[in-house]
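A quick write-up on the structure given underneath.
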Amino acid sequence: MKNRIKNSCINEFDPSALDENTALTNILKNIKPVKGFEMVSIKKALGRITASNIKSKINLPSFKNSAMDGYAINIDNLKKNNYILYEKATTLAGMSSVSNLKNGETIRVMTGAIIPENCNAVIMKEMVEKSDSKIIFGKKIINNQNIRDIGEDVKKSSIVIEKGIKLNYIHLGLLSSLGISSIRVYKKPTISFFSTGNELVSVNKILKKGMIYDSNRYILHGLLSKLPIIIKDMGVVKDREDLIIKKLLQCSKISDVIITTGGVSVGDADYIKSALRKVGKIKFWKISIKPGRPLAYGKINKTDFFGLPGNPVSTAVTFQLFVEAAINKLINNFHNEKFIIKGVAGEKLTKKKGRTEYKRAIFNEDKGTFYVKSSGLQGSNILTSLAKANCYIRLSAKIDNVEKGDIVDIIPFNHN
Ligand code: AMP
Ligand code: MG
717 MKNRIKNSCI
727 NEFDPSALDE
737 NTALTNILKN
747 IKPVKGFEMV
757 SIKKALGRIT
767 ASNIKSKINL
777 PSFKNSAMDG
787 YAINIDNLKK
797 NNYILYEKAT
807 TLAGMSSVSN
817 LKNGETIRVM
827 TGAIIPENCN
837 AVIMKEMVEK
847 SDSKIIFGKK
857 IINNQNIRDI
867 GEDVKKSSIV
877 IEKGIKLNYI
887 HLGLLSSLGI
897 SSIRVYKKPT
907 ISFFSTGNEL
917 VSVNKILKKG
927 MIYDSNRYIL
937 HGLLSKLPII
947 IKDMGVVKDR
957 EDLIIKKLLQ
967 CSKISDVIIT
977 TGGVSVGDAD
987 YIKSALRKVG
997 KIKFWKISIK
1007 PGRPLAYGKI
1017 NKTDFFGLPG
1027 NPVSTAVTFQ
1037 LFVEAAINKL
1047 INNFHNEKFI
1057 IKGVAGEKLT
1067 KKKGRTEYKR
1077 AIFNEDKGTF
1087 YVKSSGLQGS
1097 NILTSLAKAN
1107 CYIRLSAKID
1117 NVEKGDIVDI
1127 IPFNHN
């Protein structure tokens, strides 16, 4: 006993807590990706996950066309004509004329206009001297210059977007450029969430002494709204085991995942774990990270359950580290690596060994080096420092204090 007390003063090691990677692996092993799919129009497909490889039915471009406003020529005819050609016609983008070039002729073409089959260069308008209906130009011409070739962007029958990709606005542009108006995406799973706590009131109510406004439901609403899922805000539940059980059962009937916040630690009013044990299974509930040590993961029938800690910063961090990864697997989004960069600590950072710490911080770049500093107070109730931050500094469980000038891991993010 003596030893344990002494230990807890010099480090934060808790033998019953899982390390971050083991916890994540454990969670991901349990998550089953959604199988069902549906056809949606491409406008509705933004942020959805492709459920099959998308192939193009056409070449892009589908016809040879000009990359410049200029003159279509055939280099092979030039020498005989002494680099002077007769301007036979003009083709604008959208016109369908495709007559071939004859000896001594050129066709004035605008960007995107069809060019003759036997044309093998376009000379920019700016490089040409015009005299009546003749053009005169320099001899430096490269084969196929300023010509967009058939299929140079996309070949007919090739895969343009693979299965398991989260569609962004560039994808929408690409799909429409291929004439694809609807695509097959995975169905949205349903995720419900609620806050627990006797002290919580909603934003439009009067704040009595000892009460606080519920901020976690808004953070979760924001985090979840970015994902292709159906979200159900199930409100606030008081710290009573019977009420929590009732709500959990209600949610499990309609949800693939349930997320709660608060009541998951060892306090006198913490009922999440006991409620979960009665209606489902707890897989684990402690992870050696800061903020966010108490995080319960379990199952209620087939529904995955995440009990996040009540402090708002812990809610956000544990969501980003564990719940987001789980949801990404659930929705079949497998291409979403987070990147980590190395930076120089701009100040001393205090820490005890035994837990991985995520410090809210601001990084910036100066002459090719990243520098990073804390964005404010680091208590897990302090949302202002998270609002100001553009990254976390991740400090491994193995290390203690970081000195100014030490190299640290930076995980950039934006809250948009
Ligand atoms: P708990 O995990 O329930 O022990 O809560 C830890 C701390 O987070 C306490 O100070 C709670 O008042 C606070 N807290 C819990 N839930 C919320 C919430 N939804 N919004 C803001 N703070 C909360
Ligand atoms: Mg509580």
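The numbering used here puts the first residue of the sequence shown at 717, with every later residue one more than the last. Each residue gets a CB set at the ideal place from its N, CA and C atoms; glycine is no exception. Being a predicted model, the structure only gives us computed values, none of them experimental.
Where the alpha helix (DSSP H) through residue i begins and ends
i, result
"residue 933", "932-941"
"residue 676", "The chain is shown from 717 up to 1132; residue 676 falls before or after that span and cannot be answered."
"residue 1103", "1099-1104"
"residue 791", "Neither: residue 791 is in no alpha helix (DSSP H) and is coded neither H nor E."
CB contact flag (residue i, residue j, <8 Å)
i, j, result
"residue 790", "residue 866", "no"
"residue 943", "residue 1047", "yes"
"residue 782", "residue 827", "yes"
"residue 817", "residue 788", "yes"
"residue 1123", "residue 1060", "yes"
"residue 946", "residue 1015", "no"
"residue 1088", "residue 1127", "no"
"residue 1065", "residue 1005", "no"
"residue 1008", "residue 977", "no"
"residue 956", "residue 728", "no"
"residue 1051", "residue 880", "yes"
"residue 952", "residue 930", "yes"
"residue 1023", "residue 995", "no"
"residue 857", "residue 769", "no"
"residue 1038", "residue 739", "yes"
"residue 1056", "residue 734", "no"
"residue 1116", "residue 1069", "yes"
"residue 882", "residue 763", "yes"
"residue 908", "residue 948", "yes"
"residue 897", "residue 1030", "no"
"residue 1201", "residue 890", "Residue 1201 cannot be examined here, being either before or after the span of the chain that is shown, 717 to 1132."
"residue 1020", "residue 746", "yes"
"residue 772", "residue 894", "yes"
Residue from the options whose Cα sits closest to the Cα of residue i
i, options, result
"residue 959", "973, 948, 913, 926", "913"
"residue 825", "1088, 819, 807, 813", "807"
"residue 1118", "1091, 1035, 1073", "1073"
"residue 1058", "1107, 1030, 1032", "1107"
"residue 1076", "1100, 1054, 1055", "1100"
"residue 877", "854, 950, 901", "901"
"residue 1028", "933, 1127, 1003, 854", "933"
"residue 1033", "945, 979, 936", "936"
"residue 1133", "773, 1096, 845, 1090", "Limits of the chain in this structure are 717 at one end and 1132 at the other, which puts residue 1133 out of reach."
"residue 911", "891, 870, 924, 964", "964"
"residue 786", "1068, 753, 830, 798", "830"
"residue 1091", "1083, 847, 1063, 1001", "1063"
"residue 966", "869, 1069, 759, 992", "992"
"residue 1093", "1086, 1105, 1084", "1105"
"residue 803", "847, 941, 810, 1085", "847"
"residue 850", "1079, 799, 779, 1041", "799"
"residue 784", "795, 833, 863", "863"
"residue 860", "839, 873, 852", "839"
"residue 732", "833, 1000, 760, 922", "1000"
Endpoints, beta strand (DSSP E) assigned at residue i
i, result
"residue 1110", "1107-1111"
"residue 1009", "It is not in any beta strand (DSSP E) - residue 1009 carries neither H nor E in the DSSP assignment."
"residue 1114", "Here residue 1114 belongs to no beta strand (DSSP E), and DSSP marks it neither H nor E."
"residue 950", "946-953"
"residue 1125", "1123-1128"
Per-residue DSSP class, three states only, for residue i
i, result
"residue 1033", "helix"
"residue 1038", "helix"
"residue 728", "coil"
"residue 822", "strand"
"residue 1082", "strand"
"residue 782", "strand"
"residue 961", "helix"
"residue 969", "helix"
"residue 806", "strand"
"residue 1019", "strand"
"residue 723", "Its pLDDT being 46, under 50, residue 723 is placed unreliably by the model, and the measurement read from it follows with that caveat. Reduced to three states, the DSSP call for residue 723 is helix."
"residue 740", "helix"
"residue 717", "Only weak support exists for where residue 717 lies, its pLDDT of 42 falling under 50; the value from the coordinates is given anyway. Correct three-state label for residue 717: coil."
If you scan the segment 1037-1078 from start to end, which runs of the beta strand (DSSP E) of 3 or more residues do you find wholly inside it?
-> DSSP runs (the beta strand (DSSP E)) wholly in the segment 1037-1078: 1057-1061.
Where are the alpha helix (DSSP H) runs, 4 residues long or more, that stay fully inside the segment 836-922, in chain order?
-> 885-893
Unbroken stretches of the beta strand (DSSP E), 3 residues or longer, contained in the segment 744-775 = 753-757
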